[in-house]
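Novice: Read the sequence shown against the working numbering and you will find it ends at 337, with the numbers running on by one and no gaps.
No residue lacks a Cβ here, since even glycine has one placed at the ideal position from N, Cα and C.
Remember, predicted model here, so these are calculated numbers, not experimental data.
Quick one: the structure is below, and I'll ask about it shortly.
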Amino acid sequence: MKALVLGATGRIGNAIARELLNHGAAVSAVSRRVQPPENLIDLDLDYRSGDANRPGQIESWVAGHELVVDAAAPYHLWLFQNAPSAARLASAERQLSALLESVARHNCAFAFVGSQATDDRQRPMLGRAQARILRLLHPYFELKRRMESKIRRAMRDGLRAVIVSPTFCIGPGDISDPDLAFIPMTVNGALPATNSHALNVMDVRDVAALLAAAVAKSAFGSSIAVVGHNTTLEMLTDLICRTAGVPRPRWYTPSTLAAAAAYANELINASGLREPDYPSVGALLMLEQGWALPNAAQRKLGVELRPLSRSVTEAIDWYRRRGVLHPRPTASAH
Ligand SMILES: NC(=O)c1ccc[n+]([C@@H]2O[C@H](COP(=O)([O-])OP(=O)(O)OC[C@H]3O[C@@H](n4cnc5c(N)ncnc54)[C@H](OP(=O)(O)O)[C@@H]3O)[C@@H](O)[C@H]2O)c1
């Protein structure tokens, strides 16, 4: 099978490219980088550099493939960027329309990495109210909702597509900015506080295995929420700190307060008073987290999940090898 992976340099897309290669697929990997970065160089794949926003780019990538995986869906990391939010939403929708048209034209199967923040079906009333508020507060949530509705419409019109929506992901292979990535931030002492908010955590490699199984079993026409290990923010940070041998965050801040502080900080930064430092979307997404058990659709895929401790150990090994872990010296070290 010839597979195209959009976002193969990203956290989840990289694991998907590896999973498909392990299953014998011929993989084309795309990203905006001119050269394949460190999480792709050891892989036997066809690397193509380009920007999905460039007219005609998606069409030229899709041609010649049987499966297209989109793990590069635009998401709004920052509250404000150089264009107004409505323009950013319109551009992301245009990009997705071009992709869906191309996938249909070339009769490809399509797998999309979605987000559980869009799923209103399983929420209690209070949860639905919170989801609406978050959509008003940050364009991330509205963008995700619109993209997935568009794909669901295309599925109803006959597109062979599956949406796989994971919870919070960790694992090796991440080349994102370590100042914004959860594990390096925790190890480097840049996570100021923790709390007992419920959290569900998945290994990117398990997400990749679930997505590949959904394609192999032709689970097209469905939107599958996949879940991993139930824990809390405090238990996860503890596990990371113990594994890396660093002190745990000192402070305890309830998640709503942490989200409000992160949001206020981003607003102040965006007003030009300070340099933008940290996006609030992570803290807002935390509010959407909860415990969950695998549903029937996930169980049917038959993927056994790695233990959380193994994911943490292997992710820390990866960040160590990248040289991005710089724990602050503890008081006793002086
Ligand atoms: N990470 C999580 O915990 C999590 C959980 C649930 C859902 N998700 C969803 O899963 C998807 C992937 O997330 P992720 O964390 O893996 O993202 P990520 O690490 O930020 O990776 C994004 C990927 O998209 C590529 N990309 C972005 N814009 C592009 C463009 N214009 N043209 C070509 N490539 C482009 C990037 O490539 P280059 O930068 O190399 O060009 C990169 O490979 C997102 O839609 C996210 O919302 C993530």
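Between Arg-277 and Ala-18, which are expected to be in contact by the criterion C-beta below 8 Å, what is the C-beta distance as a whole number of angstroms?
Specialist: With a beta-carbon spacing of about 35 Å, Arg-277 and Ala-18 fall beyond the 8 Å limit used to define contacts.
Novice: With C-beta atoms as the reference, is Val-229 less than 8 Å away from Met-205?
Specialist: yes
Novice: Got a sec, what are the start and stop residues for the alpha helix (DSSP H) Ile-19 sits in?
Specialist: 14 to 25
Novice: Kindly examine ligand 1 and report whether one of its heavy atoms sits closer than 7 Å to the Cβ of Asp-49.
Specialist: no
Novice: Ordered along the chain, which non-local residues of its own chain (more than five positions away) have a Cβ less than 7 Å from that of Ile-271?
Specialist: Counting only Cβ-Cβ distances below 7 Å, and skipping sequence neighbours, we find Arg-277.
Novice: Which residue wins for smallest C-alpha separation from Arg-36, given the options Ser-179, Ala-201, Arg-309, Pro-195?
Specialist: Ser-179
Novice: Rounded C-beta distance between Leu-70 and Ala-114? I'm assuming under 8 Å.
Specialist: Taking the Cβ atoms as the reference, Leu-70 lies roughly 7 Å from Ala-114, within the contact range of under 8 Å.
Novice: Would you check if the distance between the CB atom of Ala-55 and the CB atom of Ala-74 is smaller than 8 Å?
Specialist: no
Novice: What first and last residue would you give for the beta strand (DSSP E) that runs through Lys-5?
Specialist: 5 to 9
Novice: May I have the straight-line CA-CA distance separating Leu-7 from Gly-285, to the nearest angstrom?
Specialist: 28 Å
Novice: Is Leu-82 helix, strand or coil when you go by DSSP?
Specialist: coil
Novice: To the nearest angstrom, report how far apart Gly-326 and Leu-162 are at their CA atoms.
Specialist: 43 Å
Novice: Taking the straight line between their C-alpha atoms, what separation do you get for Thr-12 and Pro-40?
Specialist: 7 Å
Novice: Check this for me: beta carbons of Leu-287 and Gln-133, under 8 Å apart or not?
Specialist: no
Novice: Anyone know if the C-beta pair for Leu-137 and Leu-92 falls short of 8 Å?
Specialist: no
Novice: Use the C-beta contact count for Cys-111: other C-beta atoms within 10 angstroms, 16 or more gives buried, fewer gives exposed.
Specialist: buried
Novice: At the 8 Å Cβ level, is Ile-319 part of the contact set with chain D, yes or no?
Specialist: Here chain D cannot be found, since the structure has a single protein chain.
Novice: Would a C-beta distance cut-off of 8 Å place Arg-251 and Thr-240 closer than the cut-off?
Specialist: yes
Novice: Say the cut is 7 Å; is the CB of Thr-12 nearer than that to a heavy atom of ligand 1?
Specialist: Within the chosen limit of 7 Å, ligand 1 reaches the beta carbon of Thr-12 through at least one heavy atom.
Novice: Taking the beta carbon of Trp-64 as the centre, do at least 16 other beta carbons fall within 10 Å, making it buried, or is it exposed?
Specialist: buried
Novice: Measuring from the CB of Phe-171, is there a heavy atom of ligand 1 at a distance below 7 Å?
Specialist: yes
Novice: May I ask which residues mark the beginning and end of the alpha helix (DSSP H) holding Cys-244?
Specialist: 236 to 247
Novice: Could you tell me the boundaries of the beta strand (DSSP E) in which Ile-166 lies?
Specialist: Element bounds for Ile-166: 164 to 168.
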